[in-house]
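Q:
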Amino acid sequence: MAIAIDFGTSNTVIARWNPVTQQPETLNIPELSIQQGLNPPLIPSLLYVEDASKSNILVGQQVRNRGVDVKGDSRFFRSFKRGIGTDIQGFLPELDGRNITFEQIGEWYLQKVIKELSTVEGGLDSLVLTVPVDSFEAYRHWLGKVCEPLPVEQVRMLDEPTAAALGYGLTEEDLLLVVDFGGGTLDLSLVRLDKSVKQESKQPLGFLLKFGNKSLAEDSKQKVKTARVLAKAGQNLGGTDIDNWLTDYFAKNQGLAISPLTTRLAEKVKIQLSTQNQASEVYFNDETFESYELELNRDSFENILQENSFFAMLDESMAQLLQQARRQGIEVADINAVLLVGGTSQIPAVQTWIQNYFDSGKIRSEQAFEAIAHGALQLAQGVEVKDFLYHSYGIRYWNRRQNQHNWHPIIKEGQPYPMNKPVELYLGASLENQPSIELIIGELGAETSGTEVYFDGDRLITRRVETNETTVKPLNDSDGARKIAQLNPPGFPGSDRVKVFLEVDNERFLRITVDDLLSGETLLENQIVAQLS
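See below:
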């Protein structure tokens, strides 16, 4: 049975394909899902460590049932998805003699959820996991490692906005904009859903993280739908940030202590304001025996958003996406539908902001929580996703004028894969009797203003930063990996010594081939450097 997991910053949604109805359905997992008649069933993305040395943990609704999410306990974790694969300022505690990382917390969480799925009727042989569009390589690499030991034949990955477009079921629409705005990220994706075409090969559909003996494309003549991603934009901004801004507002204006409890109440106020103009929650301090009433109306709420540059950051991402679209001759009027996904997209101020760009008749929001998980299941039902590289990739070089290392792009963002032809580089020695040549390849991020995630006490905070520096994630900067050529005889300055070929294959692997121009030997042939975003 195929299962899809939409692992979110605030909540996680799990769906499976019902072979009888031929439709996706959202699963309610006993003990983990919120058991309050919530539709659809959601699993809170919460984790509590009972014993780190034995990996004894509580996840989801188990955490809230024990009441450990409001006590300021260092063993409690929320919003941990935001920290996976990032260099966040701050630290996590050592628990039971074990160093804790965001990657470890996320791994524990997914393992626990997947273990519970093993008892679901029909078993689990195929798993699809969704990832944020703006995740760097480290997140995807982490997800692959988490899946290696799973007793599942096939594990595949799909970016969240593309899954959402498929989940809304608008296969007849030509051009869709997905606004995926959840607890931790804002992801915009422009997707074209093409008419059905024949799949002539037996290659598995989608991007595989793990592949067993069973092919998901057994019928070589099956009809498949294609989802072509045309433009993407995203940043670390979501409902968790709004919760923190509201908590700070109440702390400043009412003297409330900042704690997990007040943050939880602020979140409840935010949720109420999605359906009503006035919201309130009562806070009782069991140490001072003082009580407070947290009150807020929509006007004050929107002022708080404005003061924290919320709408400026939204405009920045939309401008980036529309600029990519215009390069392909696509204007705003050409977009057939706008699909809202994630809890933050349900905030009235966010929907009003979207209406500044698009006619309200094109905007849909009825599948906000389930679209991603339901759409991910389409990969198992004959949907092929054609995509492009979201980031640029470059090589590091020494800038003599600035007396520092810089990065030179060699593969631009928007490059479709597989590439038609490789990028060629010629490299020479820089020293007398140089024994080898090293080449460091990096994934290049935004070059303008962006967002930064950091610690403020035990809270993860996002703030806007202005910078003209390029964010870079080196892909092969480790002993052995950066050395691409052993020179025999040694090299000398003044002439090219090696020819380098770099290309991206159909599974998004960056591969390198190196020829020695002096000896005529091939020193590296089609070697994998990394999987790209």
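With my numbering, letter number 85 in the sequence shown gets 104, and the count goes up by one each step, no holes. Even glycine gets a Cβ: it sits at the ideal position worked out from N, Cα and C.
1) Have a look at V147, R159 and Q453 and flag the residue whose alpha-carbon is nearest the alpha-carbon of A182.
2) Are at least three pairs of beta-carbons, each pair with one atom in the region 108-116 and one in the region 161-176, less than 8 Å apart?
3) Are N30 and I76 closer than 8 Å when you measure CB to CB?
4) In its own chain, which residues sit with a C-beta less than 7 Å from the C-beta of R94, not counting the 5 before and 5 after it?
5) E451: beta carbon under 7 Å from a heavy atom of the ligand GTP?
6) Could you name each continuous beta strand (DSSP E) segment of 3 residues or more that falls completely within the region 252-314, going from the start of the chain to the end?
7) Note down, in chain order, each residue of its chain lying with its Cβ closer than 8 Å to the Cβ of D70, except the 5 sequence neighbours on either side.
8) Assuming G413 contacts G461 under a Cβ cut-off of 8 Å, what Cβ separation, rounded to an integer in Å, is found between them?
9) Would you be able to state if there are at least three C-beta pairs under 8 Å between the region 349-365 and the region 189-207?
10) Can you name the residues that DSSP bridges to Y445?
11) From which residue to which residue does the alpha helix (DSSP H) around P180 run?
12) Please state whether DSSP places P367 in a helix, a strand or coil.
13) Counting pairs of Cβ atoms below 8 Å between the region 251-258 and the region 297-310, do you hit three or more?
14) Confirm, please, whether the CB-CB distance from S64 to G27 is below 8 Å.
15) Cα separation between M3 and A338?
16) Would you mind working out which of V87, T266, Q80 and S336 sits nearest T11, comparing C-alpha positions?
17) Is it buried or exposed, G362, if we count other Cβ atoms within 10 angstroms and call 16 or more buried?
18) Select from V548, A395 and A448 the residue whose C-alpha is nearest the C-alpha of G188.
19) Looking only at DSSP bridge pairs, what is A549 linked to?
20) Can you check the region 73-146 for any beta strand (DSSP E) of at least 3 residues that lies completely inside it and give the ranges in chain order?
21) With a Cβ-Cβ cutoff of 8 Å, do T45 and E389 count as a contact?
22) Quick check on DSSP: helix, strand or coil for Q42?
A: Taking the definition as stated:
1) As a first step, residue 182 is located in the sequence shown; it is residue number 163 there, counting from the start. Out of V147, R159 and Q453, the CA that lies nearest to the CA of A182 is found in V147.
2) Too few Cβ pairs lie closer than 8 Å, so no.
3) Taking the sequence shown and counting its residues from 1, one reaches residue 30 at position 11. Taking the sequence shown and counting its residues from 1, one reaches residue 76 at position 57. Contact flag unset, no.
4) Position 75 of the sequence shown, counted from the first residue, corresponds to residue 94. Once the five neighbours on either side are set aside, the close Cβ partners of R94 are Y67, V68 and L114.
5) In the structure shown, the ligand GTP is absent, as is every other ligand, since no ligand is present at all.
6) Listed in chain order, they are 297-304.
7) In the sequence shown, the residue the question calls residue 70 occupies position 51. Here the set comprises D115.
8) For the purposes of this step, residue 413 is taken as the residue at position 394 of the sequence shown. For the purposes of this step, residue 461 is taken as the residue at position 442 of the sequence shown. Yes, G413 and G461 are in contact; Cβ-Cβ is about 6 Å, under 8 Å.
9) Taking 8 Å as the limit for Cβ pairs, the verdict is that the region 349-365 does touch the region 189-207.
10) Residue mapping note: residue 445 aligns to position 426 of the sequence shown, counting from 1. Looking at the DSSP output, Y445 sits in a beta bridge with K518.
11) In the sequence shown, the residue the question calls residue 180 occupies position 161. For P180, the enclosing alpha helix (DSSP H) has its first and last residue at E179 to G186.
12) Working through the sequence shown from its first residue, we reach residue 367 at position 348. P367: helix per DSSP, three-state reduction.
13) With a cut-off of 8 Å, the region 297-310 and the region 251-258 do not count as touching, because too few Cβ pairs lie within range.
14) Here residue 27 is taken as the residue at index 8 of the sequence shown, counted from 1. Here residue 64 is taken as the residue at index 45 of the sequence shown, counted from 1. Cβ atoms of G27 and S64: closer than 8 Å.
15) Shown here, the chain extends from 20 to 552; a query on residue 3 therefore has no answer.
16) The displayed coordinates of the chain run from 20 to 552. Any statement about residue 11 would go beyond what the structure contains.
17) One-based indexing of the sequence shown puts residue 362 at position 343. Around the CB of G362, 16 or more other CB atoms lie within 10 Å, so the residue is classed as buried.
18) Along the sequence shown, one-based indexing puts residue 188 at 169. Each of V548, A395 and A448 was checked against the Cα of G188, and the nearest Cα belongs to A395.
19) On the sequence shown, position 530 is the one that residue 549 refers to. A549 pairs with L529.
20) For the region 73-146, whole beta strand (DSSP E) runs of length 3 or above, ordered along the chain, are 75-78 and 95-97.
21) By 1-based counting over the sequence shown, the position of residue 45 is 26. By 1-based counting over the sequence shown, the position of residue 389 is 370. It is a contact, given that the beta carbons lie within the stated cut-off.
22) The residue you call residue 42 lines up with position 23 of the sequence shown. Strand at Q42.
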